[in-house]
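Peer 1: Numbering (full-length UniProt numbering), first residue to last: 1 to 145.
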Amino acid sequence: MGSWYSFRDKLSEALPNFITGETGSTSDGALRCIVYPPEAARVPTSNWIVVGCVSILAPVYFVYGVECDYADGRLQNPRASFERPPSSMDFPAQMVARTIEMAFGYSAVPRDIAETPVPLFAGLLEPPKTTLFHALFTNEPSSIP
């Protein structure tokens with residue numbers, strides 16, 4: 001876990017104006033870091049949170065987003081998105097990818113490969129709904145704190 005903590009420190013240093021965090025579950029195949037937009041930049045709809053997944057099963061990673069609404073001081077209605085981030089979160093997404101590559105030497109899984117169906121169970125997901133992303137990283141990509 002030392003290398004994970006070192007990675008998190010480097011990411012926080014690279015993105016001082018953003019809020020960084022992490023999440024994970026014992027059933028996930030990855031550790032996940034999270035980069036939230038600064039609170040002052042949050043709007044009622046379409047906030048984009050960057051999530052970087054570092055697999056514990058293979059030397060690969062994936063960066064995606066979670067779109068959500070902001071109301072009553074909380075982020076609500078999270079929806080995972082594998083689309084390109086909006087321009088306001090493009091730099092954080094690039095920094096997550098670059099920092100993972102530097103810290104771990106891992107390679108990115110392309111989106112089309114990540115979305116490939118696999119004949120595996122991942123958490124509560126069953127084939128044919130399970131993808132390589134679910135197997136390598138998490139079966140609940142929208143679940144973030």
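Each residue gets a CB set at the ideal place from its N, CA and C atoms; glycine is no exception.
(1) Kindly indicate which residue of E13, S3 and P145 has the alpha-carbon position closest to the one of Q76.
(2) Please state whether DSSP places V13 in a helix, a strand or coil.
(3) Terminal residues of the continuous beta strand (DSSP E) containing A80?
(4) Given a cut-off of 8 Å on the beta-carbon distance, is the pair G65 and V51 in contact?
(5) If we ignore side chains and look at the alpha-carbon of each, how far apart do G29 and G21 end up?
(6) For the region 83–98 against the region 135–144, do three or more pairs of beta-carbon atoms, one drawn from each stretch, fall closer than 8 Å, so that the two count as touching?
(7) Considering only their Cβ atoms, is the gap separating S6 from A122 smaller than 8 Å?
(8) Please list, in chain order, all residues of the same chain as residue 146 whose beta carbon is under 7 Å from its beta carbon, the five residues on each side excluded.
(9) Using DSSP with H/G/I as helix, E/B as strand and the rest coil, what is Y61?
(10) Rank P37, A71 and G2 by C-alpha distance to the C-alpha of S87 and give the top, closest one.
(11) Taking buried to mean at least 16 other C-beta atoms within 10 Å of its own C-beta, is R32 buried or exposed?
(12) Mapping the DSSP letters down to three states, classify S27 as helix, strand or coil.
(13) Taking the straight line between their C-alpha atoms, what separation do you get for V63 and Y106?
(14) For P127 versus L120, is the C-beta distance shorter than 8 Å?
(15) Which residue from P44, A97 and R98 puts its Cα closest to that of D72?
Peer 2: In terms of the structure at hand:
(1) Measuring C-alpha to C-alpha distances from Q76 to each of E13, S3 and P145 identifies P145 as the nearest.
(2) Residue identity check: residue 13 is Glu in the sequence provided, not Val. Helix, per DSSP.
(3) It spans R74 to S81 - the beta strand (DSSP E) in which A80 sits, taken as one unbroken run.
(4) Closer than 8 Å, so yes.
(5) Distance between the alpha carbons of G29 and G21: 18 Å.
(6) Too few Cβ pairs lie closer than 8 Å, so no.
(7) No, the pair does not count as a contact, with Cβ atoms beyond the cut-off.
(8) Not covered by the structure: residue 146. The range shown for the chain is 1 to 145.
(9) Three-state result, Y61: strand.
(10) Out of P37, A71 and G2, P37 has the C-alpha closest to the C-alpha of S87.
(11) Answer is buried; the Cβ neighbour count reaches 16.
(12) Looking at S27 - three-state DSSP - the assignment turns out to be coil, as it is neither helix nor strand.
(13) V63 and Y106: Cα-Cα distance of roughly 12 Å.
(14) Yes, they are a contact pair.
(15) Out of P44, A97 and R98, P44 has the C-alpha closest to the C-alpha of D72.
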